[in-house]
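Counting from 1, one number per residue, gives the positions in the sequence shown under the UniProt record's numbering.
Backbone N, C-alpha and C define an ideal beta-carbon position, used for all residues, glycine too.
This report refers to the structure that appears directly beneath it.
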Amino acid sequence: MTVASAPGKVYLFGEHAVVYGEPAVPCAIERRARVTVERRDDDRVRVDADALTLSGFTVAWGGDAGETPELDVPTTLVEAAMGYIDGAVAQARDVAREAGATDPDAGLNIGIESEIPLGAGLGSSAAVVVAAIDAASRELGADLPREALADRAYRVEHEVQDGQASRADTFCSTMGGAVRVQGDDCRRLAGVGNLPFVVGYDGSAGDTGELVAGVRALREDHDFAADTVAAIGDIVREGETLLRGQETPLGELGELMDFNHGLLSALGVSARSLDAMVWAARESGAHGAKLTGAGGGGCIVALDDSAGARTALDYTPGCEEAFRAELDTDGVRRGP
Ligand code: MEV
1 MTVASAPGKV YLFGEHAVVY GEPAVPCAIE RRARVTVERR DDDRVRVDAD ALTLSGFTVA
61 WGGDAGETPE LDVPTTLVEA AMGYIDGAVA QARDVAREAG ATDPDAGLNI GIESEIPLGA
121 GLGSSAAVVV AAIDAASREL GADLPREALA DRAYRVEHEV QDGQASRADT FCSTMGGAVR
181 VQGDDCRRLA GVGNLPFVVG YDGSAGDTGE LVAGVRALRE DHDFAADTVA AIGDIVREGE
241 TLLRGQETPL GELGELMDFN HGLLSALGVS ARSLDAMVWA ARESGAHGAK LTGAGGGGCI
301 VALDDSAGAR TALDYTPGCE EAFRAELDTD GVRRGP
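Shown next, in the form of structure tokens:
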């Protein structure tokens, strides 16, 4: 049996704009998806996932890959989750075939556990795909360097998200730490100091494909929306300069996060619950706060080195869970 785990992430800056070639800075956080893979004697693929949480439901299924289980959760999300797993298995078989493994089409039992809520802006799908490709390709007898793993995980996201995914989530989950992604140029940012993240989760999920398509339409219809996307790029560039300095200036980074949230709101991807959590965090002393990921619902991230934001979020109507999130510096791990 082979085990791999990979972290989720928050966006310090730059989601959505990264889809149009602007830079983004996602940061891996110490919340993981764990995947175990074991060869079977036949050629079937069985998936058991019993801890993918969505809006108070636990998505659990045991069945053949490719089957959509009947569950009391939005089918689009369940289908997407199955699509990611099918895609990861196909990539692992491809890796095994290229490496000359003896039986790249062997049947597999795949077990998935995740501490990352689905569709909530914390990179759950990227973490599952990265861990699944890594564990499945090793179980099939092939070993993949990290850069190639990140690339193959990106191809899966790109396909499931109808060609609208950036490399941000998959690269960040593979490499860990704070990373900079612009188009195909992905790198880890060295020497980033402590970033005291607090995450607030409203218990819901946004539809990434729909939200990305909405921004695309706005951008095509209005020059001011295109300018808004470009302005997010400017925020990211300024944020990067701050992160490269000797100190980590939390106040200035927070100010940029606030600005970034305002521009994402203007692009129509925030939600009442996200705005409420952002304001609660700011009013309780966070340096700054913004939504993270595609938006529409899900999570906000605040920069807060006091106990204020975390406590305030606990009492914010609409906030289902609030937690401190450490920066994960490992990325994908061979083991739990
Ligand atoms: C979703 O986690 C982030 C988006 O920028 C889409 C992407 O980068 O693939 C909205």
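Where the alpha helix (DSSP H) through residue i begins and ends
i, result
"GLU210", "208-221"
"TYR154", "146-160"
"ALA132", "124-139"
"ALA120", "It is not in any alpha helix (DSSP H) - ALA120 carries neither H nor E in the DSSP assignment."
"GLY308", "308-314"
"SER166", "Looking at the DSSP string, SER166 is not in any alpha helix (DSSP H), and its letter there is neither H nor E."
"LEU274", "272-283"
Cβ pair residue i, residue j closer than 8 angstroms
i, j, result
"CYS172", "LYS9", "yes"
"LEU263", "THR228", "yes"
"ARG34", "ILE116", "no"
"GLU157", "ALA126", "yes"
"ALA312", "ALA271", "no"
"GLY121", "GLY239", "no"
"VAL212", "GLN164", "yes"
"THR36", "GLY119", "no"
"GLY298", "ALA205", "yes"
"ALA136", "ALA92", "yes"
"GLU139", "ARG244", "no"
"residue 369", "GLY141", "Since the displayed the chain opens at 1 and closes at 336, residue 369 lies outside it and no answer follows."
"ILE29", "GLU320", "no"
"GLU22", "ILE300", "no"
"VAL3", "PRO249", "no"
"GLY111", "ASP162", "no"
"ILE85", "ALA132", "yes"
"GLY214", "SER273", "no"
"ASP305", "PRO196", "yes"
For residue i, the residue or residues it bridges with in DSSP
i, result
"TYR11", "PRO26"
"ASN109", "GLU38, ARG46"
"ASP185", "GLN182"
"SER114", "ALA33"
"SER5", "ARG34, ARG333"
"ILE300", "GLY200, LEU291"
"LEU327", "ILE29"
Nearest to residue i (by Cα), restricted to the options the options
i, options, result
"LEU256", "LEU274, ALA286, ALA205, LEU267", "ALA286"
"ALA150", "VAL128, ALA230, ASP105", "VAL128"
"residue 337", "THR316, ASP314, ILE235, ALA271", "Residue 337 lies beyond the residue range present for the chain, which begins at 1 and ends at 336; the question has no answer from this structure."
"GLN182", "GLU15, ALA302, ALA153, ALA4", "GLU15"
"MET82", "ASP134, ARG39, SER204, VAL160", "VAL160"
"ARG324", "ASP207, TYR201, ARG93", "TYR201"
"VAL185", "ALA302, ASP41, PHE197, ARG167", "Here residue 185 turns out to be Asp, not Val, going by the sequence shown. Answer by Cα proximity: ARG167."
"GLU220", "LEU267, GLY318, ILE85", "LEU267"
"PRO145", "THR329, VAL95, ALA178, GLY107", "VAL95"
"ASP42", "ALA90, GLY308, GLY107, ASP103", "GLY107"
"ALA307", "GLY141, ALA322, ASP105", "ALA322"
"THR170", "THR316, ARG334, GLY203, CYS27", "CYS27"
"THR292", "THR316, ASP314, ASP258", "ASP258"
"TYR90", "GLY233, GLY123, SER124, VAL45", "According to the sequence shown, residue 90 is Ala rather than Tyr. The shortest Cα separation from ALA90 among GLY233, GLY123, SER124, VAL45 belongs to VAL45."
"ALA302", "THR316, ASP314, ARG282", "ARG282"
"VAL198", "TYR11, SER5, THR2", "TYR11"
"VAL332", "THR174, TYR315, GLY233, GLU252", "THR174"
"GLY177", "GLY251, THR329, ASN260", "THR329"
"SER114", "ASP304, ALA276, GLY251, ALA6", "ALA6"
"ARG188", "SER273, GLY318, ARG155, GLU147", "GLU147"
"ARG143", "ASP105, ALA101, HIS261, VAL269", "Checking the sequence, you will find Asp at residue 143 rather than Arg. With distances taken between Cα atoms, ASP143 lies closest to ALA101."
"GLY254", "SER265, VAL278, GLN246", "VAL278"
"ASN194", "GLY203, ASP275, GLN246, THR316", "GLN246"
"VAL269", "ASP134, ASP223, ARG237, GLU210", "GLU210"
"THR316", "ALA217, ARG237, SER284", "SER284"
"LEU218", "ARG155, GLY288, SER265", "SER265"
Unbroken beta strand (DSSP E) run spanning residue i, endpoints
i, result
"LEU267", "Looking at the DSSP string, LEU267 is not in any beta strand (DSSP E), and its letter there is neither H nor E."
"CYS319", "Looking at the DSSP string, CYS319 is not in any beta strand (DSSP E), and its letter there is neither H nor E."
"LEU291", "288-291"
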